[in-house]
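>
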Amino acid sequence: MYRTTLIKTIFACVFLSFSCSSFAAPLSISNEDTQVISRSALGAWVLKQDLKQPRMNCAIQFIPLQDSETSFSIFGPTKQSSSATILFQGKNIPTARSPQDARVELVQKKLASTPLKAQILPSQNAGILAVSTGDIHQTLKSMRDAEHDLQLRLNHATIFSLDYDGLALARNAMLDCIAGKIVKTKTLKQATAEIRPLGNSTITGQAFYKGAILAKKQYPPKGSQAVGLIWMTDEFKAWYEQVKRNQKIPEQIPENILKHFMSTRILDDQGHFKFTNLPAGEYILVANFSYEKSVSRTEVVGRTDVYVGNQHIGSNDQIAHWSYVIKEGTSFEKPVTIPKDGDTVNIILDKSQIMCFLVCF
237 MYRTTLIKTI
247 FACVFLSFSC
257 SSFAAPLSIS
267 NEDTQVISRS
277 ALGAWVLKQD
287 LKQPRMNCAI
297 QFIPLQDSET
307 SFSIFGPTKQ
317 SSSATILFQG
327 KNIPTARSPQ
337 DARVELVQKK
347 LASTPLKAQI
357 LPSQNAGILA
367 VSTGDIHQTL
377 KSMRDAEHDL
387 QLRLNHATIF
397 SLDYDGLALA
407 RNAMLDCIAG
417 KIVKTKTLKQ
427 ATAEIRPLGN
437 STITGQAFYK
447 GAILAKKQYP
457 PKGSQAVGLI
467 WMTDEFKAWY
477 EQVKRNQKIP
487 EQIPENILKH
497 FMSTRILDDQ
507 GHFKFTNLPA
517 GEYILVANFS
527 YEKSVSRTEV
537 VGRTDVYVGN
547 QHIGSNDQIA
557 HWSYVIKEGT
567 SFEKPVTIPK
577 DGDTVNIILD
587 KSQIMCFLVC
597 F
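Heads up, the sequence shown is in our numbering, so the first residue is 237 and it goes up one at a time.
#1: Over the uninterrupted beta strand (DSSP E) stretch that includes Ala-320, give me the two end residues.
#2: Looking at C-alpha atoms only, which residue of Asn-513, Gly-538 and Phe-568 is the closest neighbour of Lys-576?
#3: Candidates Arg-533, Ile-502, Arg-275 and Pro-457: which alpha carbon is nearest Lys-422's?
#4: Reducing DSSP to helix, strand and coil, say where Asp-371 ends up.
#5: For Gly-598, which residues from the same chain have a beta carbon less than 6 Å from its beta carbon, with the 5 sequence-adjacent residues on both sides left out?
#6: What residues are listed by DSSP as bridge partners for Val-479?
#7: Applying the 10 Å Cβ sphere with the 16-neighbour rule, what's the burial state of Gly-543?
#8: Checking 8 Å against the spacing of the C-beta atoms, do Leu-388 and Phe-396 come in under that value?
#9: Per DSSP, Glu-383 is paired with what?
#10: With distances taken Cα to Cα, identify the nearest neighbour of Pro-515 among Lys-315, Gly-435, Lys-587 and Leu-465.
#11: Leu-521 and Ile-583 look like a contact to me (Cβ under 8 Å); what is the Cβ gap, rounded to whole Å?
#12: Return the bridge partner residues of Ser-274 from the DSSP annotation.
#13: Per DSSP, which residues does His-508 bridge with? Please list them.
#14: Starting from the C-beta of Phe-511, find all residues in its chain whose C-beta is less than 7 Å away, skip the five residues before and the five after it, and write them out in chain order.
#15: Please identify the residue among Glu-383, His-392, Ala-382 and Pro-300 whose C-alpha is closest to the C-alpha of Ala-338.
#16: Contact between the region 406–418 and the region 374–383 is defined here as three or more beta-carbon pairs at a separation below 8 Å; is this criterion met?
#17: Can you tell me whether Phe-308 is buried or exposed, with buried defined as 16 or more other CB within 10 angstroms of its CB?
#18: Which word fits Gly-550, buried or exposed, when buried means at least 16 other C-beta atoms lie within 10 angstroms of its C-beta?
#19: Helix, strand or coil for Asp-586? Go by DSSP, reduced to three states.
#20: Are Leu-342 and Ile-356 closer than 8 Å when you measure CB to CB?
#21: What's the C-alpha gap between Gly-565 and Ala-332?
#22: Identify whether Asn-513 lies in helix, strand or coil by the three-state DSSP scheme.
#23: Here's the rule: buried if 16 or more other CB atoms are within 10 angstroms of the residue's CB, otherwise exposed. What is Ile-372?
#24: Of the residues Arg-533, Pro-456 and Asp-553, which one's Cα is nearest the Cα of Thr-540?
#25: In angstroms, rounded to a whole number, what distance separates the CA positions of Ser-368 and Asp-504?
#26: Identify the continuous alpha helix (DSSP H) that holds Glu-189 and give its terminal residues.
#27: Identify the continuous beta strand (DSSP E) that holds Pro-335 and give its terminal residues.
#28: Are the CB atoms of Met-468 and Glu-518 within a distance shorter than 8 Å?
#29: DSSP on Arg-291, reduced to helix/strand/coil?
#30: Quick one: is Gly-502 buried, meaning 16 or more other Cβ sit within 10 Å of its Cβ, or exposed?
#31: What residue range does the beta strand (DSSP E) around Gly-464 cover?
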């Protein structure tokens with residue numbers, strides 16, 4: 237239990253530290269076109285701007301600290317559409333194989349609830365729901381700078397909830413972007429450099445689960461945040477030893493420890509991943525995802541009695557065979573060393589490489 241909880245804590249905390257290679261979907265974020273607008277105890281606002289097409293493709297996204305599967309994004313005009321679009325992503329939003337129309341209810345504190353037309357979009361991981369809102373200026377103006385327990389409800393059930401603050405700064409940055417101004421605050425790389433030293437090294441690899449020698453490899457879903465990286469400095473090791481002694485997961489991880497946690501997204505259907513801008517040193521790679529497991533069982537559903545003449549000579553069981561596929565979670569780790577700055581290390585991160593690193597009592 238402690239190990240699983242700590243893994244989830246790690247994945248939830250990497251976003252505020254800005255030490256991940258990419259942020260939560262649906263934005264595709266890179267150092268060059270993305271600015272960190274604000275950070276708080278609730279999370280962070282980032283702005284994505286298209287440097288090749290001023291005024292087009294501007295978007296802001298709020299990334300909560302407490303839930304790495306939740307995000308809230310506002311998209312401005314594109315070449316295809318002049319309307320603004322709000323995307324909600326969360327683990328309780330239904331998933332769909334193709335876009336599906338839906339009617340949801342927006343619930344805000346001290347305001348009457350608002351019915352909205354929405355679309356549930358295809359997604360491999362957490363569900364994504366899109367709401368077209370018309371004019372971007374009016375959309376931004378209508379939104380409050382902070383919200384507590386903002387909710388979306390579908391068929392009277394809450395499918396999304398969020399606390400955020402800091403929209404005032406994000407709103408201004410979005411309006412500047414739409415006006416054609418290049419917004420310069422801090423890039424992801426600059427924000428990361430304030431928290432931990434950067435280097436020129438890279439860890440690349442492939443993650444998969446293989447239950448037996450002849451079993452097929454099962455990979456984490458493309459786009460999922462299934463692989464994390466822990467930077468094993470003396471500072472982190474001392475903190476970790478204290479956690480083991482206390483036998484308790486801390487409610488909050490100090491910021492000087494947060495800098496040791498990194499996350500990235502799976503790049504393809506074969507489980508490849510990549511971490512960049514790393515200094516030399518010791519690391520732990522952590523994989524955490526679900527795989528499919530085939531289960532077979534037999535069940536006696538009846539009995540056939542055998543007679544010769546009028547004499548009972550025995551019985552045969554009637555047996556039914558059942559086979560089905562279930563989802564099971566797995567987590568495993570592997571140590572990695574970058575000998576010197578500038579090196580690229582390639583790693584196979586698979587279930588056969590198991591070590592007890594995270595809290596094992």
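C-beta: ideal position from N, C-alpha, C; glycine also.
As the structure is a prediction and not an experimental result, all values here were calculated from the model.
This is what the structure gives:
#1: What you label residue 320 is simply residue 84 of the sequence shown in a count that begins at 1. Taken as a continuous stretch (DSSP letters only), the beta strand (DSSP E) holding Ala-320 covers 320–326.
#2: Position 340 of the sequence shown holds residue 576. Of the listed residues, the one whose Cα sits closest to Lys-576 is Asn-513.
#3: To locate residue 422, count along the sequence shown from 1; it is residue 186. Per the Cα distances, Arg-275.
#4: For the purposes of this step, residue 371 is taken as residue 135 along the sequence shown, with counting starting at 1. Residue state, collapsed to three classes: coil.
#5: Summary: the structure shown does not reach residue 598, with the chain confined to residues 237 through 597, and so no result is reported for it.
#6: Numbered from 1 along the sequence shown, position 243 holds the residue referred to as residue 479. DSSP lists no partner for Val-479.
#7: Residue mapping note: residue 543 aligns to position 307 of the sequence shown, counting from 1. In the sequence as displayed, the identity of residue 543 is Tyr instead of Gly. Exposed, since its Cβ has fewer than 16 Cβ neighbours within 10 Å.
#8: Position 152 of the sequence shown holds residue 388. Position 160 of the sequence shown holds residue 396. It is a contact, given that the beta carbons lie within the stated cut-off.
#9: The residue labelled residue 383 in the question sits at position 147 within the sequence shown. Partner(s): Tyr-400.
#10: The count along the sequence shown starts at 1 and reaches residue 515 at position 279. When only C-alpha atoms are compared, the closest one is Gly-435.
#11: What you label residue 521 is simply residue 285 of the sequence shown in a count that begins at 1. What you label residue 583 is simply residue 347 of the sequence shown in a count that begins at 1. Contact holds; Cβ gap of about 6 Å.
#12: Position 38 of the sequence shown, counting from 1, holds the residue named residue 274. Ser-274 pairs with Trp-281.
#13: Position 272 of the sequence shown, counted from the first residue, corresponds to residue 508. DSSP output for His-508 lists Gln-442 as bridge partner(s).
#14: Position 275 of the sequence shown holds residue 511. Cβ within range, chain order: Ser-257, Thr-438, Ile-439, Leu-465, Met-498 and Thr-500.
#15: As a first step, residue 338 is located in the sequence shown; it is residue number 102 there, counting from the start. Out of Glu-383, His-392, Ala-382 and Pro-300, His-392 has the C-alpha closest to the C-alpha of Ala-338.
#16: yes
#17: For the purposes of this step, residue 308 is identified with residue 72 of the sequence shown, where counting begins at 1. It counts as buried.
#18: One-based indexing of the sequence shown puts residue 550 at position 314. Classification for Gly-550: exposed.
#19: As a working mapping, residue 586 is identified with position 350 in the sequence shown. If DSSP states are grouped into helix, strand and coil, Asp-586 belongs with the strands.
#20: If you number the sequence shown from 1, residue 342 lands on position 106. If you number the sequence shown from 1, residue 356 lands on position 120. Their beta carbons are not under 8 Å apart, which means Leu-342 does not touch Ile-356 by this criterion.
#21: Here residue 565 refers to the residue found at position 329 when the sequence shown is read from its first residue. Here residue 332 refers to the residue found at position 96 when the sequence shown is read from its first residue. Gly-565 and Ala-332: Cα-Cα distance of roughly 22 Å.
#22: Taking the first residue of the sequence shown as position 1, residue 513 is located at position 277. Note: Asn-513 maps to strand in three-state DSSP.
#23: The residue given as residue 372 occupies position 136 in the sequence shown. Buried.
#24: In the sequence shown, counting from the first residue as 1, residue 540 sits at position 304. Among Arg-533, Pro-456 and Asp-553, the Cα nearest to that of Thr-540 is on Asp-553.
#25: What you label residue 368 is simply residue 132 of the sequence shown in a count that begins at 1. What you label residue 504 is simply residue 268 of the sequence shown in a count that begins at 1. Roughly 30 Å between the two C-alpha positions.
#26: Since the first residue shown for the chain is 237 and the last is 597, residue 189 is missing from the structure and cannot be characterised.
#27: Looking up residue 335 in the sequence shown gives position 99. DSSP places Pro-335 outside any beta strand (DSSP E), giving it a letter other than H or E.
#28: Looking up residue 518 in the sequence shown gives position 282. Looking up residue 468 in the sequence shown gives position 232. Their beta carbons are under 8 Å apart, which means Glu-518 touches Met-468 by this criterion.
#29: For the purposes of this step, residue 291 is taken as the residue at position 55 of the sequence shown. DSSP places Arg-291 in coil when its eight states are reduced to three.
#30: Counting from one through the sequence shown, the residue named residue 502 turns up at place 266. For the sequence presented, residue 502 should be read as Ile rather than Gly. Buried is the call here.
#31: Locating residue 464 in the sequence shown gives position 228, where the first residue counts as 1. Gly-464 -> beta strand (DSSP E) spans 463–467.
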